[in-house]
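In what follows, a structure is listed as structure tokens, so that the remarks can point back to it.
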Amino acid sequence: MPRPLYRSLREAIVQSIRDGRLRPGDRLPTERDLARGCGVSRITVRAALAGLARDKLVARRTRIGTIITQDAARGDGDV
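Residue numbers (my numbering): 1488 to 1566.
Right, here's the structure in full:
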């Protein structure tokens, strides 16, 4: 059975954190830009970001965006 797109997107973001391409304090692109860049729907992006936020790897702030947290760098989240 194929892996859901939101999980694949989540794993790609987690890998970027592990590789150091995304660091604490970095802001992710907007939902719209992520969706366009990855060729998925905004609903898929929202599901991926919700999982990352639940695991405390990102913080979602209204009017600011989605930011990589310190927990992500330390590996405190459920990566």
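Ideal Cβ placement from N, Cα and C applies to all residues, glycine included. For clarity, every value in this text was computed on a predicted model and none was experimentally measured.
Item	Value
Taking the runs of the alpha helix (DSSP H) that are 4 residues or longer, which of them lie wholly in the stretch 1502 to 1544?	1518 to 1525 and 1529 to 1541
Using the DSSP secondary-structure output, state which residues sit across from A1546 in a beta bridge.	I1554
For P1516, which of G1507, R1533, D1506 and R1505 has the nearest alpha-carbon?	R1533
Buried or exposed for I1530, going by 16 or more other Cβ atoms inside 10 Å?	exposed
Going by beta-carbon coordinates alone, are L1509 and A1535 separated by less than 8 Å?	no
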